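Okay, so here's the structure we're looking at.
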Amino acid sequence: MPEEQDLLQRASRLETKALTEIYDTYSPGMYRYAARLLGDSNLAEDCVAEAFARFLDALQKRKGPRDHLQAYLYRIAHNWVVDSYRKQKGDVELDEMLASGDHPEEDAAKHIRQTQLRKAIKKLTPDQQQVIALKYLEGWNNEEIAHALNKPIGAVKSIHHRALKSLQRFLEERVDHEESKRVGNPAEKEFGSA
Amino acid sequence: MKNQNELETLLKKNLEALKDIPARDPRIATQRRAQFLSRAVSASEVHRHKKWMFTFRKENFAMNLIISTLVIAGLLFGGGATVRAAQDDLPNEPLYAVKMWSEETRLQFQNNPQDKVDYLMTMAQTRIVEMAQLVADGEPIPEETPILLQQHIQQALQLCTNTEDATCDQTMLQIRDRLREQDHLMQQLLIDAPEDAQPTLLRTREMLRTHLQQVEDGLLLGDMNQNMIQNQNMNGQSDEFTLPTQTETGTQFNQPTEAPSGPNESPGRPGNSGSDPGGGNPNQGNGNQP
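Chains as they are written, first to last, in my numbering: chain W, 1 to 194; chain U, 1001 to 1290.
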């Protein structure tokens, strides 16, 4: 933590070396986070770029974070993801994943599973999305998530609980819906049984 | 309705599918990094300038006099804030002239030819970094920048010819290593550069490779360092540099007489893997440079 404090202090003075260090440390994880939620590598790159641009703007206006840098950066990235969800009219297609695999059937099944999960996550509130993504995709603990959400740990637990219930309901609705129009796609069957 | 633990287990299992994401494209990642760093550098510069201006406004006349004296002293000795601020400036920015002036001054202060050669090659490297930054910013490369780069290299080679044979070989090796490094940087730059910047960058790289070839040939022959470069300089490649002329394909700056006759002719020698300054597929870079 003292190292992060020092890094943040240097970043607040807009020292290029500190800013480079921050970018190199956090951008790979932020890309991963955004790519998992968005399912599109180009959008994920845009998300990382925009998050760091906003971070730099905040520093220039002396409104940058004083601590918990990682949580701050992921919060900006998540806000971008939520905005992107709102802008998306249809579903994000993962053509790049489908096109690149050696096993098209497995890839297609995986693609469908991923699309269904993202659709379910998109239906959650932004806070619920962030709790689910940080907890299960990034493996953060409640305290770290609380910093990212800027909320007390108790609130995070409550959001988590409600998110689980909602997610279960959305996934079950989805399975029922798919079941009714299913034409024998093995991937959907597998997901429904999970 | 399942309890929370069962739900969590089920969810964890399902969410595993989202963990598998396509690999990050290193080229795009490098480009985005360069863009951020470029913004960070300008933000840092603006911050420094603001601080400086603030200090000036606050002080009274006597204080301004003291500060002015300090600035002049700083400019003279290359350690002042303005000079430091100018070090990051690009050719299209206001303090660039200060940067050029401070470089020239520092060059004059180098005590021996070897130090001068080293500093000239550092200046050459700076020109390439400026070109890279301009490309990353989407700005055009001014025609003077590659000319300056060529001047620095030729000055370094010229200086080398004036040193003793033993020292010259050592200096040539030093120049060769720097040229290789610069050629590699240029190779990386070409990969990501937009189409309109390509002609200037290609010609610059060709110029670098021609000089690299000269140096390597000189080192191989052992005793020709001075003769070859002196001959070339006598044949019109001296310290006098002409401004580039506009051709159909863009800006043309002066080329050494032994430059390849056509754009497809590689100045590199086949079979000399150690000296190949990045010939072949330009996409083989490591992606670490902007």
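The C-beta atom is built at its ideal place from N, Cα and C for all residues, glycine as well.
Source: prediction; values computed, not measured.
Listed along chain U are 1036, each with a C-beta nearer than 8 Å to that of residue 52(W). With 16 or more other CB atoms across the displayed protein chains lying within 10 angstroms of its CB, residue 148(W) is buried.
Considering only 138(W), 9(W), 164(W), the residue with the shortest C-alpha distance to residue 125(W) is 164(W). Residue 1096(U): member of the alpha helix (DSSP H) spanning 1096-1109, first to last residue. Interface flag for residue 1022(U) against chain W is set, since a Cβ pair is found closer than 8 Å. Contact check for residue 167(W) against residue 1011(U) passes: the beta carbons are separated by less than 8 Å. About 21 Å separates the beta carbons of residue 1024(U) and residue 56(W), which is beyond the 8 Å limit, so they are not a contact pair.
Note on residue 1014(U): 16 or more other CB atoms within 10 angstroms of its CB, so buried under the neighbour-count rule.
Around the beta-carbon of residue 1045(U), 16 or more other beta-carbon atoms lie within 10 Å, marking it buried. When rounded, the separation of the alpha-carbon atoms in residue 1208(U) and residue 1177(U) is 12 Å.
In the DSSP annotation of this structure, the continuous segment of the alpha helix (DSSP H) that includes residue 1133(U) starts and ends at 1113-1137. For residue 136(W), no alpha helix (DSSP H) segment is defined, and its DSSP state is neither H nor E.
The residues 7, in chain order, have a CB closer than 8 Å to that of residue 21(W) in the same chain once the five nearest residues on each side in sequence are set aside. With respect to the 8 Å criterion, residue 30(W) and residue 51(W) are classified as neighbours on the basis of their beta carbons. Looking at 1109(U), 1134(U), 1212(U), the one whose alpha-carbon comes closest to that of residue 1088(U) is 1134(U). Between the alpha carbons of residue 1128(U) and residue 9(W) lies a distance of about 31 Å. With respect to residue 69(W), residue 4(W) sits close: the two C-beta atoms are nearer than 8 Å. Sixteen is the threshold: when 16 or more other Cβ atoms of the shown chains lie within 10 Å of the Cβ of residue 135(W), as they do, the residue is buried. Judged by DSSP secondary structure, residue 83(W) falls within the alpha helix (DSSP H) whose first and last residues are 69-87. By a beta-carbon distance limit of 8 Å, residue 34(W) contacts residue 81(W). Their separation comes to about 6 Å. Contact check for residue 71(W) against residue 48(W) fails: the beta carbons are separated by 8 Å or more. For residue 1143(U), no alpha helix (DSSP H) run applies, since DSSP gives it neither H nor E.
When DSSP states are grouped into helix, strand and coil, residue 1196(U) belongs to the helix group. Neighbours of residue 110(W) across chain U, judged by C-beta separation under 8 Å: 1017, 1020. Residue 1037(U) has its alpha-carbon roughly 31 Å from the corresponding atom of residue 143(W). One alpha carbon belongs to residue 1091(U), the other to residue 113(W), and they sit about 52 Å apart.
Looking from the CA of residue 85(W), the closest CA among 53(W), 118(W), 157(W) belongs to 118(W). Residue 77(W) does not reach chain U, its nearest Cβ partner there being about 13 Å away, counting only Cβ pairs nearer than 7 Å. Taking a 10 Å sphere around the C-beta of residue 14(W), we find 16 or more other C-beta atoms and assign the residue as buried.
Here DSSP, grouped into helix, strand and coil, assigns residue 1021(U) to coil.
Taking 8 Å as the CB threshold, residue 20(W) lines the interface with chain U. Relative to the Cα of residue 1136(U), the nearest Cα in the group 1120(U), 1197(U), 1143(U), 1173(U) belongs to 1197(U). Sequence-distant partners of residue 133(W) (beyond 5 residues in either direction) whose C-beta falls short of 8 Å from its own C-beta, in its chain, are 33, 36, 37, 78, 121.
Going by C-alpha positions, residue 1145(U) is about 33 Å away from residue 12(W). Contact annotation for residue 32(W) against chain U: 1019, 1021, 1024 [CB-CB distance below 9 Å, chain order]. Taking the beta carbon of residue 41(W) as reference, the chain U residues within 9 Å of it are 1021, 1022, 1023, 1024, 1025, 1028, listed in sequence order.
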